[in-house]
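Since the structure comes first, as structure tokens, the remarks are kept for the end.
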């Protein structure tokens, strides 16, 4: 089968940073599905792994953690899917990624593709949806209110991929007031279109803006530049509030949260599958729930621009764009040449 | 009335670091009780505030956040207590402390003194009990299990004041396996006597010791030297586990917790009263629950050594001992000279 992979971490400007390769067709065993990949999307995690992970001697690193496709065969323990089913999923960081014609994935982290979306639109959703859903409902437990009148959530970096889903899920599945940050008119319009009640600027200090709004957020979900915002978050968040983050600040001083007994919640959407936790099937369920919300017209996909067929040249172009930190919405790629 | 107070932060070796003073008798209004103080205990927070807080011009700083006494009069909104009631409580950091003959405290953070304890024994309990209870049941939510077979909690610094209550509460109110750390035979025996199932050494790396035990803790409660243990905690804690801390590490790098989606929980027992949260009456309820457990013989007080009457000389001696970091159990003082 065809795939895109590499041997050693290199700058994305190198032609061998991602290359077209032929690999053996994998075989589904146990809880695995063998999925024929129809479309993928590219996330910041792809570029982070590409810069740091080296292949084992004689091996390859195959990136990609977002896909939509069709089940071709199933392992002997599979009960949730059958060949022919259309699926979408993100996969797991410690196995081969989705940048290949065929791909193995544990059924318990796979959802039924939204019927109302084509494969390309669907491929943009899984990683961001899992991250946003798990942060809101598993980590921050936003349905368990903070004591007092603090029924609001601040989403920092509101126009990003995860935030774009988080804002919609918060509006559809909770009664929270949603405040999102942006820094440009185009992103302010975007987060409003997703349902944000209020938009504040992450280029300006948060405390003054929240004072003007008259809102004390019980929950804060920071998706980017958390180290720059942490002091302001500690100042505005409610006593006993909950603060979640997903980015990789080089330093994060959490001491300012002590006086308010605030908790700090990490979300990594790979935790359940990497550790094989007893509740990993929750990812199957939440993806199905997201698909239902999409089919009901309540959540819109954030697929933005197609970079064309799945090959090394187009993926290098996508990585370069992701590394520019100016991407709005998700970059997707669809099918293999002649596929 | 008599009180112990000071004007400017000074080293405890200075005779004016804490002095005997006469202050006006306070008057109970609103939700306040006026309590005649019968006994107090001394906590690390006293020494921290003494080193950092300066009195307003012409004013005094009155420390002390642990007391047992008798209600003398009540404010007009008080419903939970009446004059003559025996009470125990910690109070709040932004009002005068308990080092005085008479003291004002909001009824919603006061409990009925355990009937089976004298005032001196009771005074040792409130601050540590509130901290331990809130961490276990409000912050870590230990009754909400971590997905998987992770029904255990590690208590670091097991022989300390808060840990000594936390171990007992965990044993009495949950079915968790309790692992406590100590570093000396005498403290190992102490934490076992409180109910710890296993004792490990905080002078040795935690991962090897937990590997030997075959236990993956779902919960970790670190009461001291958290910065030294944080890497080991991240290594041993369960995926999706919850980690709580109460000390003041100069730096705390929480990034090692990301891969497991672990949450970090601060507990400050002053949060509810300082911010006047809508649930501050929970402290009244939990103190009553602790008193019932004490009277039922299920929790023992950790009062250790009486430093005699409440006066500046004895309190300076108590502060010196706390600052030595070698205290086992709680230091208590009882009554005023001639009182």
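Chains as they are written, first to last, in the numbering used here: chain A, 1 to 339; chain B, 340 to 678.
Note that beta-carbon positions come from the ideal geometry of N, C-alpha and C, so glycine has one too.
Which of the three DSSP states is assigned to residue i in this structure?
i: residue 247 of chain A; result: coil
i: residue 664 of chain B; result: coil
i: residue 600 of chain B; result: coil
i: residue 242 of chain A; result: strand
i: residue 472 of chain B; result: helix
i: residue 266 of chain A; result: strand
i: residue 232 of chain A; result: helix
i: residue 208 of chain A; result: helix
i: residue 107 of chain A; result: helix
i: residue 644 of chain B; result: strand
i: residue 350 of chain B; result: coil
i: residue 394 of chain B; result: coil
i: residue 637 of chain B; result: coil
Applying the 10 Å Cβ sphere with the 16-neighbour rule, what's the burial state of residue i?
i: residue 228 of chain A; result: exposed
i: residue 511 of chain B; result: exposed
i: residue 149 of chain A; result: exposed
i: residue 325 of chain A; result: exposed
i: residue 624 of chain B; result: exposed
i: residue 25 of chain A; result: exposed
i: residue 99 of chain A; result: buried
i: residue 520 of chain B; result: buried
i: residue 622 of chain B; result: buried
i: residue 416 of chain B; result: exposed
i: residue 208 of chain A; result: exposed
i: residue 240 of chain A; result: buried
i: residue 242 of chain A; result: buried
Between the Cα of residue i and those of the options, spot the shortest distance and give me the residue it belongs to.
i: residue 204 of chain A; options: A:248, A:280, A:257, A:232; result: A:232
i: residue 169 of chain A; options: A:153, A:182, A:181; result: A:153
i: residue 362 of chain A; options: A:276, A:240, A:222, A:281; result: Residue 362 of chain A falls outside the range modelled here, since chain A spans only 1 to 339, and no answer is possible.
i: residue 62 of chain A; options: A:291, A:183, A:9, A:182; result: A:9
i: residue 128 of chain A; options: A:159, A:142, A:312; result: A:159
i: residue 321 of chain A; options: A:31, A:46, A:39, A:6; result: A:46
i: residue 432 of chain B; options: A:259, A:330, A:319; result: A:259
i: residue 586 of chain B; options: B:646, B:574, B:603, B:522; result: B:603
i: residue 557 of chain B; options: B:474, B:532, B:516; result: B:516
i: residue 609 of chain B; options: B:357, B:578, B:528, B:471; result: B:471
i: residue 375 of chain B; options: B:341, B:644, B:545, B:392; result: B:341
i: residue 394 of chain B; options: B:356, B:380, B:411; result: B:356
i: residue 135 of chain A; options: A:199, A:266, A:327; result: A:266
Does any CB atom of chain A fall closer than 7 Å to the CB of residue i?
i: residue 604 of chain B; result: yes
i: residue 593 of chain B; result: yes
i: residue 520 of chain B; result: no
i: residue 610 of chain B; result: yes
i: residue 556 of chain B; result: no
i: residue 598 of chain B; result: yes
i: residue 491 of chain B; result: no
i: residue 675 of chain B; result: no
i: residue 465 of chain B; result: no
i: residue 578 of chain B; result: yes
Which first and last residues belong to the alpha helix (DSSP H) in which residue i is found?
i: residue 221 of chain A; result: No alpha helix (DSSP H) holds residue 221 of chain A; the beta strand (DSSP E) holding it covers 219–222.
i: residue 509 of chain B; result: 500–512
i: residue 202 of chain A; result: Where residue 202 of chain A is concerned, there is no enclosing alpha helix (DSSP H), given that its DSSP letter is neither H nor E.
i: residue 192 of chain A; result: 185–194
i: residue 611 of chain B; result: 610–614
Can you check whether the C-beta of residue i is within less than 7 Å of a C-beta belonging to chain B?
i: residue 279 of chain A; result: yes
i: residue 340 of chain A; result: With chain A running from 1 to 339 in the structure shown, residue 340 of chain A is simply not present.
i: residue 41 of chain A; result: no
i: residue 275 of chain A; result: yes
Within the continuous beta strand (DSSP E) that includes residue i, where are the two ends?
i: residue 181 of chain A; result: 177–182
i: residue 427 of chain B; result: 425–428
i: residue 494 of chain B; result: 491–495
i: residue 461 of chain B; result: Careful: residue 461 of chain B lies outside any beta strand (DSSP E), inside the alpha helix (DSSP H) at 458–462.
i: residue 388 of chain B; result: Looking at the DSSP string, residue 388 of chain B is not in any beta strand (DSSP E); the run it does join, the alpha helix (DSSP H), is 383–391.
i: residue 110 of chain A; result: 110–112
i: residue 620 of chain B; result: Note, residue 620 of chain B: premise wrong, no beta strand (DSSP E); alpha helix (DSSP H) at 620–634.
i: residue 408 of chain B; result: 406–413
i: residue 344 of chain B; result: 341–344
i: residue 482 of chain B; result: Where residue 482 of chain B is concerned, there is no enclosing beta strand (DSSP E), given that its DSSP letter is neither H nor E.
i: residue 670 of chain B; result: 669–673
i: residue 361 of chain B; result: 358–361
Is any beta-carbon of chain E found at less than 7 Å from that of residue i?
i: residue 607 of chain B; result: Chain labels in this structure do not include chain E; the protein chains are A and B.
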